[in-house]
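Below is one structure, written out as structure tokens; comments come after it.
Number of protein chains: 4
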Amino acid sequence: MAAIRVTVWNEYRHEKTNPRVAEIYPEGIHGAIAAHLRRAGSFEVRTATLDEPEHGLTEEVLEQTDVLLWWGHLAHDEVSDQIASRVQDRVLQGMGLIVLHSGHGSKVFGRLLGTRTGALKWRDDGERERLWVIEHGHPIADGLGEFIEIPKEEMYGERFEIPAPDELVFISWFEGGEVFRSGCCYRRGKGRLFYFRPGHETFPVYHHPDVLQVIGNAVRWAAPTPGAPAVYGRMAPIEPIGR
Amino acid sequence: MAAIRVTVWNEYRHEKTNPRVAEIYPEGIHGAIAAHLRRAGSFEVRTATLDEPEHGLTEEVLEQTDVLLWWGHLAHDEVSDQIASRVQDRVLQGMGLIVLHSGHGSKVFGRLLGTRTGALKWRDDGERERLWVIEHGHPIADGLGEFIEIPKEEMYGERFEIPAPDELVFISWFEGGEVFRSGCCYRRGKGRLFYFRPGHETFPVYHHPDVLQVIGNAVRWAAPTPGAPAVYGRMAPIEPIGR
Amino acid sequence: MAAIRVTVWNEYRHEKTNPRVAEIYPEGIHGAIAAHLRRAGSFEVRTATLDEPEHGLTEEVLEQTDVLLWWGHLAHDEVSDQIASRVQDRVLQGMGLIVLHSGHGSKVFGRLLGTRTGALKWRDDGERERLWVIEHGHPIADGLGEFIEIPKEEMYGERFEIPAPDELVFISWFEGGEVFRSGCCYRRGKGRLFYFRPGHETFPVYHHPDVLQVIGNAVRWAAPTPGAPAVYGRMAPIEPIGR
Amino acid sequence: MAAIRVTVWNEYRHEKTNPRVAEIYPEGIHGAIAAHLRRAGSFEVRTATLDEPEHGLTEEVLEQTDVLLWWGHLAHDEVSDQIASRVQDRVLQGMGLIVLHSGHGSKVFGRLLGTRTGALKWRDDGERERLWVIEHGHPIADGLGEFIEIPKEEMYGERFEIPAPDELVFISWFEGGEVFRSGCCYRRGKGRLFYFRPGHETFPVYHHPDVLQVIGNAVRWAAPTPGAPAVYGRMAPIEPIGR
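Protein chains in written order, with this note's numbering: chain A, -10 to 232; chain B, -10 to 232; chain C, -10 to 232; chain D, -10 to 232.
Printed below as a string of structure tokens:
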């Protein structure tokens, strides 16, 4: 089996302006995730960031990407409509997409789901999060325990304005009193999407082994399979009509 | 119970240029559907068309609409982005939306579902269609038999690029050899959507009693219920954090 | 519209042996729920209990029942297989079913869902529960706030062995660290099912106005609609075959 | 990756009494499917039949089975309740199950889905079937064209009394006028189920390359993945309660 080709996309702004974030992620959030995926083997990994030409997501890069990871927060509006459409099209043609944490508010995610995916509750107080595995037979849960525990995280709470997921893998419990649908699978066109909640930039969440385990599992789950062709447009009948 | 306020939107172009369509629908497709809903009672019905200012869908009209019906075909691109966004927003806030036949390719439907909803097979040969009831306990099937039979219709065939419906009520069989998911329910934000396939402009489909029965049922199903409030943004904890 | 005919079924054992339960529910859990539904109007309410002949669920009673509520706990095994099958059949033919709290372990619920629905976590320490509304446009959430808060309840925690619900309306947060899918809609055959988590016998949960509100909403949601007939068996073709 | 261990179960009665079936399947339906899977490689295949002790499905055999295929028709009632329960339990613990054709009426399938899965339309006139691929990115559709065409088959028609599938991969068109949900994915407990319609005993359907392709794909899809543990029962809190 050929290696899965992964592109880790990051807005890459917090790391340049907030020393705390820079300390946690000296190579950027994308760098930390890419390093993990490279260590995990069986992936061919590259990265791309907002401030590169075409945000690093040229036609050529996307053509060579099986699964795209997306982390953004401050600058969703700076992503050009053209690139957002390009990513959307590629997902519909089969590319996997994994949207991380504050990427919920991105153009890419909102366009693919059709709702105001930026709408949710939040609180940035560094509280305990427990992500319970709801579908314990799901491949995205491979190798986990009953739950993932993160000692300090930003809270996200329901109501989260998303379509009901095709598969709901994780539900989060937060110390302060909220719950959240934290692991959401969707199929759109020929592509598979996974939203995974954890990853506030001021906590070392992408160094947490269980979080990294989920990311690797999700890449494998979202990678395209050959499937069948889809043909659109005018079509001749197989049966004579109007006998 | 207050009457459900319905707005029937129609592109209203075929009727002005194609004498056959004008003959079938002298008051327009919107006129035929509106007349039926008025006869059915318990609805307050108005119509709106593409060539009116703001396509007839002002803020005020939408504020006073519980359920919007949408028929379009030739001129999806002439619907302004602003009005398409306005309709999308209203659906997410609770307005019901019923998309009819070639309305599958509309901006409104595509934005709410996130896929290329214009992508399907078709053949305009006037062939027999049978819409089988798949969920026979669904309120949208109230009062039907086991299937709806339409003697002459345009064919639409799979693959239809939509997200898997939350509820699949009808599947069509076509004489020429195809099948189609013809009655598709979705929930998006606070609103309910129903896609209903039949209704090619050159056949008298919106005079068919079963088709009109489904449209009335769907309006009742899609009408907003009070539900619960959704609050978004920063939120204080109910529990003290970090003990 | 004719009144919805409701039968509230209760095991009715705790109330006879535990003085605390008897004090909270002097007329039994079924009595408290029935009294609420009678006050709410538009329902015709009767009750039935385990120790009546045929558990109070004769063919005649079920024939005259639009929606059945089910509370059981200690004596799931004392429900006869014959009556469990009778209830299952009636649901498949269109009767609504609302399963409350420890009713998750009942024969009726297990047979309709096909999994070991008794399998979940629990802790009987009287802790705070918050049921968050996940689908805020759903009719079962009508009239609620953003969440229901219950000051003291038994905890139920995931993994709960159920098929993924067709619609997930509530997710519970518990003070002690767990989450739970607390409001689950299913369609089975022609019938609609709703599982609603709260209701441990030693706390006055069925006197809580929001809990009662949900029960009334759920009865309306689960009540049968006419739908369409389903015909099974050998069938002649509409088209000649093998031309 | 270890080979997937497959057990092909067949009622194996038609082959012994109907010379036409014996001619098509000299080694039995199970033999034909097993031979294909062996040729396909990467599977460890055994067979089991109704008239063996414990129907060939001892605890030991099931313990060593990753995916079970099930073909039955005449003798669903002869499958013992005990063995049906044993298979159901194993599926809930993670074993994949693929139910073929008339296996829809089996105890095993009915118990896992909770509905009268034997209820559907049928006609045994040897008509043309076209299975359209609805989810063209699904791994079960790998390697197919837009549809599978079977020149002569028994018809199955809707209404088919099943819960709405978690994923609907195929819809069949029949020459005589019916449609059918022919490829249905479910998750139950830790296990994955796939129902695949084709396979009437008097036509050489299990020699059709596309049908065999789907069966191989489905085995790979249904094979257990490690997932996460599920713990049930009483549980201590992580948070102190009732502060």
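Backbone N, C-alpha and C fix where the C-beta goes; we use that ideal spot for every residue, glycine too.
Beta-carbon proximity check, residue i vs residue j, cutoff 7 angstroms
i        : j        : result
A:Phe169 : A:Glu147 : yes
D:Arg100 : C:Gly103 : yes
A:Gly61  : A:Glu0   : yes
A:Val34  : A:His19  : no
D:Thr179 : D:Gly83  : It is worth fixing the name first, because residue 179 of chain D is Lys in this sequence and not Thr. Yes, Cβ-Cβ distance for D:Lys179 and D:Gly83 is below 7 angstroms.
C:Arg112 : D:Met224 : yes
B:Arg176 : B:Ala211 : no
C:Ile123 : C:Leu89  : no
A:Ser171 : A:Phe183 : no
A:Arg2   : A:Leu63  : yes
B:Ser161 : B:Leu120 : yes
C-alpha distance - residue i paired with residue j, whole-angstrom precision
i        : j         : result
B:Asp155 : B:Pro42   : 35 angstroms
C:Leu26  : C:Pro198  : 12 angstroms
B:Phe136 : B:Arg(-6) : 29 angstroms
D:Pro152 : C:Cys174  : 12 angstroms
B:Ile257 : B:Ala23   : Lying outside -10 to 232, the shown extent of chain B, residue 257 of chain B is not represented and no answer is given.
A:Gly85  : B:Ala(-8) : 45 angstroms
B:Glu49  : B:Leu57   : 13 angstroms
B:Glu167 : C:Ser95   : 44 angstroms
C:Pro229 : D:Phe163  : 11 angstroms
B:Tyr221 : B:Ser69   : 29 angstroms
D:Arg51  : B:Asp55   : It is Leu, not Arg, that sits at residue 51 of chain D in the sequence shown. Their Cα atoms are separated by approximately 55 angstroms.
A:Gly216 : C:His125  : 36 angstroms
B:Tyr14  : B:Thr38   : 15 angstroms
C:Thr47  : D:Pro218  : 42 angstroms
D:Ile209 : A:Val76   : Looking at the sequence shown, residue 209 of chain D is not Ile but Arg. Rounded to whole angstroms, D:Arg209 to A:Val76 spans 29 angstroms at the Cα level.
A:His65  : B:His65   : 28 angstroms
C:Pro213 : C:Gly134  : 27 angstroms
B:Arg28  : B:Gly205  : 11 angstroms
Any C-beta of chain D under 7 angstroms from that of residue i
i        : result
B:His93  : no
A:Thr47  : no
C:Tyr145 : no
A:Leu133 : yes
Cβ shell of residue i (< 7 angstroms), same chain only, five flanking positions each side left out
i        : result
A:Pro194 : A small correction: the amino acid at residue 194 of chain A is Val; Pro does not occupy that position in the sequence shown. Only Ile139, Glu142, Pro187, Gly188 and Val200 meet the Cβ criterion.
D:Gly132 : Gln202
D:Phe32  : Ala(-8), Ile(-7), Val(-5), Leu26 and Val208
Spatial neighbours of residue i in its chain, beta-carbon cut-off 6 angstroms, leaving aside the 5 residues before and after
i        : result
A:His44  : Ile72
C:Lys110 : Gly146
B:Ala207 : Ile87, Ile129 and Phe183
D:Thr36  : Val(-3), His19 and Ala23
Burial state of residue i, where buried means 16 or more other Cβ atoms lie within 10 Å
i        : result
A:Asp40  : exposed
A:Glu16  : exposed
A:Asn7   : exposed
C:His196 : exposed
D:Ser74  : exposed
B:Glu190 : buried
C:Arg9   : exposed
D:Arg117 : buried
A:Gly165 : buried
Chain A contact for residue i (CB, 7 angstroms cutoff)
i        : result
D:Val68  : no
B:Glu234 : Since the displayed chain B opens at -10 and closes at 232, residue 234 of chain B lies outside it and no answer follows.
D:Lys179 : yes
Short CB-CB distance (under 7 angstroms) between residue i and chain B
i        : result
D:Arg209 : no
A:Lys110 : yes
A:Ile227 : yes
Same chain, Cβ closer than 8 angstroms to residue i, neighbours up to 5 away in sequence not counted
i        : result
A:Ala239 : Within the shown structure, residues of chain A are numbered from -10 to 232, placing residue 239 of chain A beyond reach of any answer.
Residue i at chain C interface by Cβ criterion, 7 angstroms
i         : result
B:Ile81   : Note that residue 81 of chain B is Leu in the sequence shown, not Ile. With 7 angstroms as the cut-off, B:Leu81 does not count as an interface residue toward chain C.
B:Thr54   : no
A:Trp(-2) : no
Residue i Cβ short of 6 angstroms to the ligand HEM heavy atom set
i        : result
B:Leu101 : Although the ligand HEM was asked about, the structure shown includes no ligands whatsoever.
Under 8 angstroms from the C-beta of residue i: neighbouring residues of chain G
i       : result
D:Gly85 : Annotation note: the requested chain G is absent from the structure, which comprises protein chains A, B, C and D.
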